[in-house]
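Counting the sequence shown from 1 gives a position; my numbering is that position plus 3.
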Amino acid sequence: MIGYKRKALETDVASKVRQVSLTNKQESEHLRQDFVTHTYKQNHNTKMSLPTHMRALHLPTISPDPQITLRTVPVPTVVPGSVLIRVLAAQVSQKVYDIYSGKVGFTLAPDMIVGGGYAIGRVVQPGPDTTSLPVGKLAMIQSFLRARDNPEEIQAVWGTFDGGVPASREWIEKNWKNGSYAEYILAPLENVEPLDEERLCKPKGDGGLGYSVENLLQLPVQLVVLGGWKGIGLRAGERVIVAPATGQFGGAAVEVAVAMGAGQVIVMGRNMEILKRIQGLYPRGKIQIVPMSGDEDGDVQKLTSWGPVDAYLDISPAAATGSTHVGSCFKALRNYGRASLMGVLPEGLSVTYAMIVWKSLTIKGQYMYDRADAQQIVKMAESGVLRLGPETGVEVVGRFKLDEIDEAWAVASKNTQFGKLIALTP
4 MIGYKRKALE
14 TDVASKVRQV
24 SLTNKQESEH
34 LRQDFVTHTY
44 KQNHNTKMSL
54 PTHMRALHLP
64 TISPDPQITL
74 RTVPVPTVVP
84 GSVLIRVLAA
94 QVSQKVYDIY
104 SGKVGFTLAP
114 DMIVGGGYAI
124 GRVVQPGPDT
134 TSLPVGKLAM
144 IQSFLRARDN
154 PEEIQAVWGT
164 FDGGVPASRE
174 WIEKNWKNGS
184 YAEYILAPLE
194 NVEPLDEERL
204 CKPKGDGGLG
214 YSVENLLQLP
224 VQLVVLGGWK
234 GIGLRAGERV
244 IVAPATGQFG
254 GAAVEVAVAM
264 GAGQVIVMGR
274 NMEILKRIQG
284 LYPRGKIQIV
294 PMSGDEDGDV
304 QKLTSWGPVD
314 AYLDISPAAA
324 TGSTHVGSCF
334 KALRNYGRAS
344 LMGVLPEGLS
354 VTYAMIVWKS
364 LTIKGQYMYD
374 RADAQQIVKM
384 AESGVLRLGP
394 ETGVEVVGRF
404 KLDEIDEAWA
414 VASKNTQFGK
424 LIALTP
């Protein structure tokens, strides 16, 4: 049994983290070269051999001490509307473990293969109705699941939240409860986005962007915040606020805003080291820092010191409950300003009805994104407008196999901030 034994692993994990830090560049380069060589020598129409069984991480139910085991299970059967993907890399995060341990309060189907849709893989068997995903095609798997015949009501986040209502729970349990912490994953056709492997992964000297598989794991995260920015119509040249900006999604919101043409991005947070690191990734003046001080009106003055603020994207975790930054950001918006709320704060907004009216503010809650956004994030990356990898301050701090999931989560628990990526490579 693979159980999460953090204390017992601390010494071993600390050693592994140091080792990974020293060898990360060599590992990434080795993976990239091996990946590219494999890609350009293969014929994408060639049939891939498919085993009858695979290894996968299984969770019987959410519990304070989640009993995750590595099992051998049948490889999923392809049906119309689906694609079978060989998982190359899936993201591991502390937030996912917190869901499986019941700390977040999300519900999930029992007896599931864990992991969500934050993965990169290769098509091994397309469904009979598939037209754009040939065998061998590199693809991004994205996590927002919607029922084809009722997409507005039946929604879930793959592997982490079953939608919270009986209809979506039943739909997930019958169709898509198994996630990406496995050698193979059966994915809905509309959740698989083809990637231009030659452009993304070919070495820079040969006309590519030189990304590794792990670098591509940034795409599903950036996709989430793209939905938020598009929801409030971010326009080129605008001054915007991202708060908090020091987590994985907050940092991605900065990357995407810059790629969409934002004139200036004001980042808020409590970790000055990370905020300064984000600022240093861009030309002087592009990123401005306002630390969260707890003084709501004082922070408003700082937020507006560079001029009128056009838009604000908030992606606050539940841990930010009681923070004054939400009120500060709303007050900082100019007349006709817009706000996108994407976080999970379990409290009311500290903004008055009258202020919303008098300033003609647009406030939009944004749960994930639209299908067209998934296609757009891929185009942005392939064009080079949206950067990935070390250029964006994101480093791979660990690569782990399925039977090393305890160690992967232990490393993830120590790297929850922006710029740290942990990959499971089945």
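All residues carry an ideal CB built from backbone N, CA and C; glycine is no exception.
Answer with yes or no whether the minimum CB distance from S331 to chain C is below 8 Å.
-> Protein chain content of the structure displayed is limited to a single chain, and chain C is not contained in it.
Buried versus exposed call for R242 [16 or more other C-beta atoms within 10 Å across all chains shown] = The residue you call residue 242 lines up with position 239 of the sequence shown. Buried, by the Cβ-count rule.
Looking only at its own chain, which residues have a Cβ that is under 8 Å from the Cβ of T55, when we skip the five neighbours before and after it?
-> By one-based count along the sequence shown, residue 55 stands at place 52. Apart from sequence neighbours up to five positions away, the residues of its chain that approach T55 with a beta-carbon distance below 8 Å are P77 and V78, ordered along the chain.
Do the CB positions of V86 and L192 come within less than 8 Å of each other?
-> Within the sequence shown, the letter at position 83 stands for residue 86. Within the sequence shown, the letter at position 189 stands for residue 192. Result yes, Cβ atoms of V86 and L192 sit closer than 8 Å.
Run the CB neighbour count on R287, radius 10 Å, all protein chains shown included, and call it buried at 16 or more, exposed below.
-> The residue labelled residue 287 in the question sits at position 284 within the sequence shown. By the 10 Å Cβ count, R287 comes out exposed.
Could you check what DSSP says for T395 in three-state terms: helix, strand or coil?
-> On the sequence shown, position 392 is the one that residue 395 refers to. Helix, per DSSP.
Does DSSP put D199 in a helix, in a strand, or in coil?
-> As a working note, residue 199 is residue 196 in the sequence shown. Of the three classes helix, strand and coil, the one that applies to D199 here is coil, per DSSP.
Which residues share a DSSP beta bridge with H56?
-> As a first step, residue 56 is located in the sequence shown; it is residue number 53 there, counting from the start. DSSP output for H56 lists P77 as bridge partner(s).
What's the C-alpha gap between N46 and P67?
-> Walking along the sequence shown from the start, residue 46 turns up at place 43. Walking along the sequence shown from the start, residue 67 turns up at place 64. For N46, the predicted model reports a pLDDT of 36, less than 50, meaning its position is unreliable and no value from the coordinates is stated.
Are G422 and R280 touching if we call contact CB-CB under 8 Å?
-> For the purposes of this step, residue 422 is taken as residue 419 along the sequence shown, with counting starting at 1. For the purposes of this step, residue 280 is taken as residue 277 along the sequence shown, with counting starting at 1. Yes. Within cutoff.
Buried or exposed by the 16-neighbour rule on C-beta atoms within 10 Å, applied to P69 | Locating residue 69 in the sequence shown gives position 66, counting from the first residue. Buried.
Could you have a look at G254 and say whether DSSP puts it in helix, strand or coil?
-> Counted from its first residue, the sequence shown places residue 254 at position 251. Residue state, collapsed to three classes: helix.
For R341, does the count of other Cβ atoms within 10 angstroms reach 16, so buried, or fall short, so exposed?
-> Residue numbering aside, residue 341 sits at position 338 when the sequence shown is read from its first letter. Label assigned to R341: buried.
For I290, the residue or residues it bridges with in DSSP = Stepping through the sequence shown from its first residue, residue 290 is reached at position 287. Per DSSP, the beta bridge partners of I290 are V268.
With distances taken from CA atoms, which of L62, G392, A375 and Y184 is nearest L111?
-> Indexing the sequence shown from 1 puts residue 111 at position 108. Ranking L62, G392, A375 and Y184 by Cα distance to L111 puts L62 first.
Look up A3 in the DSSP assignment and say whether it is helix, strand or coil.
-> No answer is possible for residue 3: the residues shown for the chain start at 4 and end at 429.
Scan the stretch 278-331 and note each continuous alpha helix (DSSP H) run of 4 residues or more that stays entirely inside, going in chain order.
-> 299-306
Taking all protein chains shown into account, do 16 or more other C-beta atoms lie within 10 angstroms of the C-beta of N153, making it buried, or fewer, making it exposed?
-> If you number the sequence shown from 1, residue 153 lands on position 150. Exposed: under 16 other Cβ atoms inside 10 Å.
How should Q378 be labelled, buried or exposed, when 16 other C-beta atoms within 10 angstroms of its C-beta is the threshold for buried?
-> Here residue 378 refers to the residue found at position 375 of the sequence shown. Classification for Q378: exposed.
Write down the C-beta distance between G230 and D376 rounded to the nearest angstrom, noting that I regard them as a contact closer than 8 Å.
-> As a first step, residue 230 is located in the sequence shown; it is residue number 227 there, counting from the start. As a first step, residue 376 is located in the sequence shown; it is residue number 373 there, counting from the start. Right, their Cβ atoms sit about 5 Å apart.
Could you pull out every unbroken alpha helix (DSSP H) segment of at least 4 residues lying fully inside the stretch 331-402, listed in chain order?
-> 356-361 and 374-386
Quick one: measure Cβ to Cβ for R402 and E217, integer angstroms, because I've assumed they're closer than 8 Å.
-> Locating residue 402 in the sequence shown gives position 399, counting from the first residue. Locating residue 217 in the sequence shown gives position 214, counting from the first residue. The pair is a contact, with the Cβ atoms about 7 Å apart (cut-off 8 Å).
Which value, in whole angstroms, describes the spacing of the CA atoms of V39 and E201?
-> Residue 39 sits at position 36 when you count from the first residue of the sequence shown. Residue 201 sits at position 198 when you count from the first residue of the sequence shown. Unreliable placement is indicated for V39, whose pLDDT of 43 sits below 50; no coordinate value is reported for it.
In whole angstroms, what separates the C-alpha of A59 from that of S353?
-> The count along the sequence shown starts at 1 and reaches residue 59 at position 56. The count along the sequence shown starts at 1 and reaches residue 353 at position 350. Rounded to whole angstroms, A59 to S353 spans 45 Å at the Cα level.
For L73, which residues from the same chain have a beta carbon less than 7 Å from its beta carbon, with the 5 sequence-adjacent residues on both sides left out?
-> Taking the first residue of the sequence shown as position 1, residue 73 is located at position 70. If we look at L73 and ignore the five residues flanking it on each side, its Cβ neighbours are I5, R58, L60, L405 and D406.
Are the stretch 288-299 and the stretch 262-278 touching, with three or more C-beta to C-beta distances below 8 Å?
-> yes
Using the C-alpha atoms, what's the distance from G124 back to A314?
-> Sequence index remark: in the sequence shown, residue 314 carries index 311 (1-based). Sequence index remark: in the sequence shown, residue 124 carries index 121 (1-based). If you draw a straight line from the Cα of A314 to the Cα of G124, it is about 35 Å long.
Out of V107, M371 and R151, which has the shortest C-alpha to C-alpha gap to F252?
-> Here residue 252 refers to the residue found at position 249 when the sequence shown is read from its first residue. Ranking V107, M371 and R151 by Cα distance to F252 puts M371 first.
Report buried or exposed for T163, applying the criterion of at least 16 other Cβ atoms within 10 angstroms of its Cβ.
-> Translated into positions along the sequence shown, residue 163 becomes position 160. By the 10 Å Cβ count, T163 comes out buried.
Unbroken beta strand (DSSP E) run spanning I425, endpoints | Here the question's residue 425 lines up with position 422 in the sequence shown. Per DSSP, I425 belongs to the beta strand (DSSP E) from K423 to L427.
Whole angstroms is fine: what's the gap from V259's alpha carbon to Q420's?
-> Locating residue 259 in the sequence shown gives position 256, where the first residue counts as 1. Locating residue 420 in the sequence shown gives position 417, where the first residue counts as 1. Rounded to the nearest angstrom, the two C-alpha atoms are 17 Å apart.
How big is the Cα-Cα spacing for P2 and M143?
-> The requested residue 2 does not occur in the structure, where the chain is confined to residues 4 to 429.
When burial is assigned at 16 or more other CB atoms within 10 Å of the CB, is D300 buried or exposed?
-> As a first step, residue 300 must be located in the sequence shown, where it is residue number 297. Classification for D300: exposed.
How would you write the range of the beta strand (DSSP E) that Y187 sits in, first residue to last?
-> Against the sequence shown, residue 187 aligns to sequence position 184. Unbroken beta strand (DSSP E) run through Y187: Y187 to P191.
If we count the other Cβ atoms within 10 Å of its Cβ and call it buried at 16 or more, is V257 buried or exposed?
-> Position 254 of the sequence shown holds residue 257. Its Cβ being crowded by 16 or more others within 10 Å, V257 is buried.
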